[in-house]
Amino acid sequence: MTPFRIHIGRVAPLDRPNVDTDQIIPKQFLKRIERTGFGEFLFYDWRYTANGEPDRSFVLNANEYRGATILVAGKNFGCGSSREHAPWALLDYGFRTIIAPSYADIFANNCMKNGIVPVVLSEAEVEELFRRTSDGRGYQLTVDLERRTVEDDQGFSASFVIDDFHRHCLMEGLDDIALTEQYEPQIAAYEARRATWRDSH
Amino acid sequence: MSRTLFDKLWSDHVVCEPPGEPALLYIDLHLVHEVTSPQAFDGLRAAGRRVRRPDLTVATADHNVPTTDRSLPITDEIAARQIAALRRNCADFIIPFYDLDSAEQGIVHVIGPELGLTQPGMTIVCGDSHTSTHGAFGALAFGIGTSEVEHVLATQCLPQQKPRTMDIHIDGELPESVTAKDLALAIIGQVGTDGATGHVIEYTGEAVRALSMEGRMTLCNMSIEAGARAGMVAPDETTFSYLEGRRFAPRNTAKAADWDDALAYWRTLTTDAGARYDRVVEIDVRALAPYVSWGTSPGHVVPVTGSVPNPSDTATESDRRATERMLDYMGLEPGTRIEDIPVTRVFIGSCTNARIEDLRAAANVVRGYRINPSVHAMVVPGSQTVKRAAEAEGLDRIFIEAGFDWREAGCSMCLGMNPDILQPGERCASTSNRNFEGRQGRGGRTHLVSPIMAAAAAIAGHFTDVRTWEFK
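Just so you know, the protein sequences line up as chains A and B, in that order.
Quick note, the first sequence lines up with residues 8 to 208 if you use my numbering.
Quick note, the second sequence lines up with residues 140 to 611 if you use my numbering.
Below, the structure written as structure tokens:
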């Protein structure tokens, strides 16, 4: 996983609450058995019309948001299905961080396993970002994970909360399976004291 | 010190709590299916890791499987490739696999309980958000992503931040023809789709105690739609009698009193008097009506006697825009009476509502009627076991004679990964759990209801209050 320290990028606004993972990556694209190649299907039903043409009214199809790497969205982003294909699709499309007032638990977890930072800002701050992004002039933000801040060069500055452990993993790009494997003696000891009837299946 | 059911389950599974890191939690049962696992197995291979406890891992194919004749090859090549990958992965890593031709194949959250794999006091995970279903047994059961699937395969553990607790206390007796599904929809409507985010819900109160195991599964299943990490019900005699004698449930033998030992432990799995939850929500169900969703999020529900809301009645500008967008997608006018909304499709199935009691209740409504000529209706049993039981009772004949399709087991139209999908603009009364845009097919319009409400809608051709149904 790619380490994340400071990211400067173009911002795309998705001003909708409760964007579910079915929207982020519709089910017909979940049959791939690889982790890659999902980006072209990101927000598929919103990006493309029923006959497969790009839908010009959808924000990611607008020229000024082309190449965006930071997505600003409404509350409860990533609700619904646990599909990790959602962060895979966001990452493959180019997003390195999302900014929203809140996330569904499983989605936020899945993001951090893939080097995407789910930044939580207040509803008022997110509203302000929607406002600043909508001028269509390639609005950019700097997300600094080390300092836990989000800033632009026009006076916007906000700080966010992320626990030390996840911040450390994201900054170092750590494989957390290897971390757990360090506790092999404790796992073996737990298994030794586990009731035998639990293994009856 | 007084502890909640959750506190007990949590502390019983903490392997270690390294300073500055999340607790490492041991996982008793890992359920695996074809859609969220292939990349996890590839990850294991790439890192040269094995599956630590294949004996605590169980797999089946459910999400993308066709529900038509199982003797025919799968026509969707990509779906077939995904199922073949699971078959190969289970063979390579020696994981029990209930394949398409297995007599026990079915939706992972239906077969776990059915086989007695799901037991009180367990930690259960699966790469599927509706893993919360298993909480009905007093287990801590939650959905995980594919990276976590790989983590559990490799280590049988998961690093977890301790969630907060929430008591949803449900008083009163459910009125006739008002079901666990209506209760779940009413709760989500009340707390909101993110109302329980970061929390594990415990459902308590006399209405919960009165529910059958299947009703409790329906209730816990939809905890995720309120944003909860998990939902659970403390085990009781209803739980124990459901489990006794099931294939993988503990049993007494000449060598060990496993059932007795398990039962003694399970009886300790209640919230102590005086234990505190982080949040408490109280609901009285004495006046509860059947619920119908009108929007594209499971919290957008009204009683069947109600009407489609007006966007101008919403609290904020953002809510107004979201409501307008939903009504536009759903093709609904504000103020339309729910009972005046016609349906052209009916789906009875999914991990929420495809167990034998669901099918019995729906068949009871359908018996002696024909479905409305403008409706295409299907019943997809949750497992092959449910299907056989239904057929033994003659439920299949009731559905077929009424004009329903009677299908093979799988997730089917709940998420439309197989050929069972809605066409653009089609309106469906569905017993599933999500009414998201496009969930059941691009442009499809889903209304979430109970099995008996779905059955009544199939016959009437529109939503109708099943409390006034004339049973034949």
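Using N, Cα and C, we set each Cβ at its ideal position, and we do this for glycine too.
Residue i, enclosing alpha helix (DSSP H) - first and last residue
i                 : result
HIS173 of chain A : 171 to 179
GLN30 of chain A  : 28 to 31
SER615 of chain B : Here chain B has residues from 140 to 611 only, and residue 615 of chain B is not among them.
LEU561 of chain B : First-last for LEU561 of chain B: undefined, no H or E at that position.
PHE575 of chain B : Unbroken run through PHE575 of chain B: none, as it is neither H nor E.
GLY274 of chain B : Here GLY274 of chain B belongs to no alpha helix (DSSP H), and DSSP marks it neither H nor E.
GLN523 of chain B : 523 to 531
ILE123 of chain A : Per DSSP, ILE123 of chain A belongs to no alpha helix (DSSP H) and is neither H nor E.
Any chain A beta carbon closer than 8 Å to residue i
i                 : result
MET552 of chain B : no
ILE217 of chain B : yes
VAL174 of chain B : yes
GLY266 of chain B : yes
PHE276 of chain B : no
ASP208 of chain B : no
LEU471 of chain B : no
HIS249 of chain B : Position check: residue 249 of chain B holds Val in this sequence, whereas His was assumed. Not closer than 8 Å to any Cβ of chain A, the Cβ of VAL249 of chain B fails to qualify, so no.
LEU239 of chain B : no
PHE145 of chain B : no
VAL514 of chain B : no
PRO252 of chain B : no
ALA200 of chain B : no
GLY245 of chain B : no
ASN492 of chain B : no
MET352 of chain B : no
SER436 of chain B : yes
MET517 of chain B : no
PRO177 of chain B : yes
ASN574 of chain B : no
is_contact[residue i, chain B] using C-beta, thresh 8 Å
i                 : result
LEU37 of chain A  : yes
SER141 of chain A : no
GLU91 of chain A  : yes
TYR197 of chain A : yes
THR187 of chain A : yes
ASP99 of chain A  : no
SER129 of chain A : no
PRO33 of chain A  : yes
HIS41 of chain A  : The sequence shown places Glu at residue 41 of chain A, rather than the His named in the question. Closer than 8 Å: yes.
ILE184 of chain A : yes
Classification of residue i by the beta-carbon crowding that lies within 10 angstroms, buried from 16 upward
i                 : result
GLU191 of chain A : exposed
ILE13 of chain A  : exposed
GLY85 of chain A  : buried
PRO481 of chain B : exposed
ILE233 of chain B : exposed
GLY251 of chain B : buried
ARG205 of chain A : buried
PRO259 of chain B : buried
GLU576 of chain B : buried
GLY143 of chain A : exposed
ARG192 of chain B : buried
MET371 of chain B : buried
Cβ separation of residue i and residue j, assumed to be a contact under 8 Å, to the nearest whole Å
i                 : j                 : result
GLY81 of chain A  : ALA107 of chain A : 7 Å
GLU565 of chain B : THR483 of chain B : 5 Å
MET592 of chain B : ALA568 of chain B : 7 Å
HIS269 of chain B : THR304 of chain B : HIS269 of chain B to THR304 of chain B, Cβ: 21 Å. No contact.
ILE77 of chain A  : VAL18 of chain A  : 5 Å
Proximity test, residue i beta-carbon vs the ligand ZN heavy atom, cut-off 7 Å
i                 : result
ALA502 of chain B : Judged by which ligands are present, the structure shown has none, so any question about the ligand ZN falls away.
Enclosing beta strand (DSSP E) for residue i [first to last residue]
i                 : result
GLU312 of chain B : Per DSSP, GLU312 of chain B belongs to no beta strand (DSSP E) and is neither H nor E.
GLY282 of chain B : 279 to 282
HIS338 of chain B : 338 to 343
MET465 of chain B : Run containing MET465 of chain B: none in the beta strand (DSSP E); it sits in the alpha helix (DSSP H), 456 to 469.
HIS202 of chain B : Note, HIS202 of chain B: premise wrong, no beta strand (DSSP E); not H, not E.
SER432 of chain B : 430 to 432
MET517 of chain B : 515 to 518
ASP423 of chain B : 418 to 423
Cutoff 8 Å: residue i Cβ touching any chain C Cβ
i                 : result
GLN562 of chain B : Going by chain labels, chain C is absent from the structure shown, which instead holds the protein chains A and B.
query: Taking a cut of 9 Å between CB atoms, which residues from the segment 276 to 301 of chain B lie near chain A?
result: PHE281, GLY282, ILE283, GLY284, THR285, SER286, GLU287, VAL288, GLU289, HIS290, ALA293, THR294, GLN295, CYS296, LEU297, PRO298, GLN300
field: Where the segment 75 to 91 of chain A meets chain B: residues whose CB sits under 9 Å from a CB there
entry: GLY81, LYS82, ASN83, CYS86, GLY87, SER88, SER89, ARG90, GLU91
Contact list for the segment 576 to 594 of chain B against chain A, Cβ threshold 9 Å: GLU576, GLY577, ARG578, ARG581, GLY582
- prompt: Of the residues that make up the segment 57 to 73 of chain A, which ones have a beta carbon closer than 7 Å to any beta carbon in chain B?
  reply: ALA57
field: chain A contacts from the segment 152 to 171 of chain B (Cβ-Cβ distance under 9 Å)
entry: HIS152, VAL153, VAL154, CYS155, PRO157, GLY159, GLU160, PRO161, LEU163, TYR165, ASP167, LEU168
query: Got a sec: which bits of the segment 359 to 393 of chain B sit with their beta carbon under 7 Å from any beta carbon on chain A, in order along the chain?
result: Residues GLY366, ARG368, PHE387, PRO389.
- request: Output, in sequence order along the chain, the residues in the segment 152 to 178 of chain A whose CB is closer than 8 Å to any CB in chain B.
  value: ASP170, ASP171, PHE172
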